[in-house]
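Residue numbers (full-length UniProt numbering): 1 to 928. Just so it is clear, CB atoms sit at the ideal spot from N, CA and C, and this is done for glycine as well.
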């Protein structure tokens, strides 16, 4: 009877009374099919020999399993010597006479592997040597990675290799209406699981991905490029009627130029220019106009100017472009102005201004133009004289100029155009030949020019004049400013400097009489330069120290002087060369400081023959390091810039880079020591993050380790500063990126932030726990990028606690806002260090819940063992904490619906690891 008390057929033998038993049971011939390795699952019962009287010496509790490979079925007599032994099978559970009375069935299940198989088929044979045994079932199977669809590619059934340590690379075939973007690959593992997806297919033009297949775009939509993008609604003024459109057609009256992408809206020619006017003087004629009211939806706007010279009669007109000189040219103008030279006096000119864009030549509609007629008899406005600065303050500049001489027309007013260099301009008007421009920035250069306006229009602008506002009013010392009850009066940039000199004797009264009147005059004339005393705090400035980017200084040497300390080279003794840097050699030596103990230092030198840019880049790192003061950040001692060689002097860190140090001491440290190193790195990064600073190249090779295993962040060559906005990210272009350590958004969009540093910190954690192993092993950079994009993450290194691997996975969240802040990382690692037992993968004792971090869940645990597909099974069965999972056995795993034996084995193995570590800690006396 089986476990459900139903009768079943078995093969059984129980010749235990007679010695020298040799009973055989052989299967039929079995076709191997595609199998290279076969698995034999045996279910059987076995009676305990101790429960059978008088059988001592003749009763056995094992039987033997054999196989024999052949290309076809035998018709000859069975020959045991042809068979190869697989194993001796013993029972974990045996029954007794009492069990028979209670009808209790104790089934044993054993699985054995056979391979590699080379013939077309095989026999199985079972040898009994004196046991009381019943063979209930024999299941013979082989494993394969089943047909699957992944990333729009199909992968066929694939049999894994016999060698369980090697994977079978399988190339996928793109599904219908899809094409390869990167060669789609999967790797078939020994347990029949597909691993490490690489590459992908994308839907072709006019098709989009829906539910794993490529579907034609609906009417009104289109897709012009192959890729995993959705069909887009037709751009404005275009349409598509049928399904599967690669491009939308333009409506009547609208066009798309040959160079326009299919995603661009259909456009039309522009309307004519507006507000056409002219300025005429003795030497040149300037035409100006406003942009069209309708540009046709395009930005590639240009203008053509056509000239006609007409006589008294309307039909006496002829083209005159050849006799005139147009500056810059008559056709293809991008600015709404043109200057015309060499015109004749006492003539009438008619100018037609035409607006064009990229579709004007395609349109069949007649073009519209703006027309203006100019008579050279009327003359024009005259130019003003030279422009000069009368005075300047931090926020204002006073200008004046000479009025035009011998003008025959009334000057209506003057227009003054001014702008900060390299920025857009502003303008103002005045009727007088002078003006005060206010609202300017202190210590800033501005460009000024003036023109006149008369009934005939505007004259040309004067040449450009550059003037600078004065600096901010400084709080001057009493020797350079007048101290009054109101405050200090500045003497910058030619302003009146009032010096009150205390005299003795008869001059005292004179001073007292002169000062008030002088002061009143100054206050009236130069009120812009009056600076009042603020209430200055007596203590240090409140708030957090903020990093200042050296690149913001107009003169980079100013940042060096501000953030570093100059060292006399005679105090430095170089002892030996320890390496080579980007700019020169790296040496070790000693630094002697007066009144202090001599210390060991590392010295970076700038090699000879450098250019100024190299010197600036070399010292830039020093001006960055000089702003940091933290035990987990490399300390700058000072620089040598006033003699050669130029040097940067930093503290000497005995054990060198962290990756090399770990590889040299593989397996020598406890988990607590490794976590202590990680905590130090996180603390240093928290300090940098709090200062608004992004490292961009955080890796174990850029961490230095001293003799006390204190880790120090170094190498600030790639670093940048963040804006005040916590969500802002520094964006750069060009340059090399360390792919294996860099977050996806930084690789794809060159966006670096503290969150991308958190991703890099997760990689550093993996390096530390694997003792300096190379991240992603021998995978190419391109494969690394594709794998991360497909959701692959590095597995836990050998012996790595679950809590630490979960922190790594948290740092590798695709959405950067979901990654932990360095403050959270330091807090979490502190908890682990204070509670060493929490570094184990084990749950608590029965009835006790562990205090796991907030991101460790059943889903995260299943992710770490690549069994995510069973998350709903665990939830439905009530297993919602790791503590409850740790108490599961193989039957529990089967009962929740895990049917594949390989998956059962992987889950139960992980559960057993949790349980064993708990027992280990209990033996050591820890309370979990």
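CB residue i to CB residue j, shorter than 9 Å?
i	j	result
residue 551	residue 620	yes
residue 203	residue 185	no
residue 657	residue 702	yes
residue 268	residue 363	yes
residue 682	residue 767	no
residue 112	residue 86	yes
residue 44	residue 124	no
residue 936	residue 742	Nothing can be reported for residue 936, as the shown portion of the chain is limited to 1 through 928.
residue 678	residue 829	yes
residue 442	residue 404	no
residue 273	residue 290	yes
residue 167	residue 198	no
residue 89	residue 25	no
residue 778	residue 797	no
Grab the span of the beta strand (DSSP E) containing residue i for me, first residue to last.
i	result
residue 471	Careful: residue 471 lies outside any beta strand (DSSP E) and carries neither H nor E.
residue 554	Segment: none, residue 554 is in no beta strand (DSSP E) and carries neither H nor E.
residue 182	178–188
residue 834	Segment 822–834 is the alpha helix (DSSP H) holding residue 834; no beta strand (DSSP E) there.
residue 296	Per DSSP, residue 296 belongs to no beta strand (DSSP E) and is neither H nor E.
residue 199	194–203
residue 588	585–591
residue 289	284–290
Just confirm the distance between the C-beta atoms of residue i and residue j, as a whole number of angstroms; I'd bet it's less than 8 Å.
i	j	result
residue 653	residue 639	18 Å between Cβ atoms; not a contact.
residue 822	residue 685	5 Å
residue 871	residue 858	7 Å
residue 115	residue 38	6 Å
residue 401	residue 387	5 Å
residue 667	residue 711	Actually they do not touch by this definition, with Cβ atoms about 19 Å apart.
residue 359	residue 439	Not a contact, Cβ separation roughly 43 Å.
residue 646	residue 615	6 Å
residue 149	residue 189	Residue 149 to residue 189, Cβ: 18 Å. No contact.
residue 601	residue 566	15 Å between Cβ atoms; not a contact.
residue 122	residue 67	5 Å
Tell me where the alpha helix (DSSP H) around residue i begins and ends.
i	result
residue 684	671–690
residue 872	871–876
residue 624	612–625
residue 274	No alpha helix (DSSP H) holds residue 274; the beta strand (DSSP E) holding it covers 274–280.
residue 811	802–811
residue 781	781–789
residue 746	744–749
residue 759	754–769
residue 656	Where residue 656 is concerned, there is no enclosing alpha helix (DSSP H), given that its DSSP letter is neither H nor E.
residue 890	890–895
residue 698	Element bounds for residue 698: n/a, residue is neither H nor E.
Determine which residues share a DSSP beta bridge with residue i and list them.
i	result
residue 265	Note: residue 265 sits in no beta bridge, so no partner.
residue 437	397
residue 68	123
residue 63	89 and 128
residue 249	239
residue 651	601
residue 356	302
residue 389	399
residue 44	108 and 135
residue 174	153
residue 445	468
residue 413	453
Three CB pairs or more closer than 8 Å across the stretch 871–883 and the stretch 10–22: Segments in contact, no.
Flag this pair as touching only if the stretch 623–631 and the stretch 570–583 have three or more C-beta atom pairs under 8 Å; answer yes or no. The stretch 623–631 is not in contact with the stretch 570–583.
Report yes or no: do the stretch 4–14 and the stretch 106–118 share at least 3 C-beta pairs separated by less than 8 Å? The stretch 4–14 vs the stretch 106–118: no contact.
Using 8 Å as the threshold, is the stretch 73–82 in touch with the stretch 145–164, meaning 3 or more CB pairs across them? Contact between the stretch 73–82 and the stretch 145–164 is absent, because fewer than three Cβ pairs lie under 8 Å.
Quick one: any contact between the stretch 40–59 and the stretch 150–168, if contact means 3 or more CB pairs under 8 Å? Flag = no, the stretch 40–59 and the stretch 150–168 do not touch.
Per the contact definition of three or more C-beta pairs closer than 8 Å, is the stretch 208–223 in contact with the stretch 239–246? Result yes; three or more Cβ-Cβ pairs closer than 8 Å.
Stretch-stretch touch, CB-based, cutoff 8 Å, three pairs: the stretch 342–349 with the stretch 429–446: Fewer than three beta-carbon pairs drawn from the stretch 342–349 and the stretch 429–446 are found closer than 8 Å, and the two stretches are therefore not classed as touching.
Would the stretch 551–571 and the stretch 587–606 be scored as touching if the rule is three or more Cβ pairs under 8 Å? Verdict: yes, contact present.
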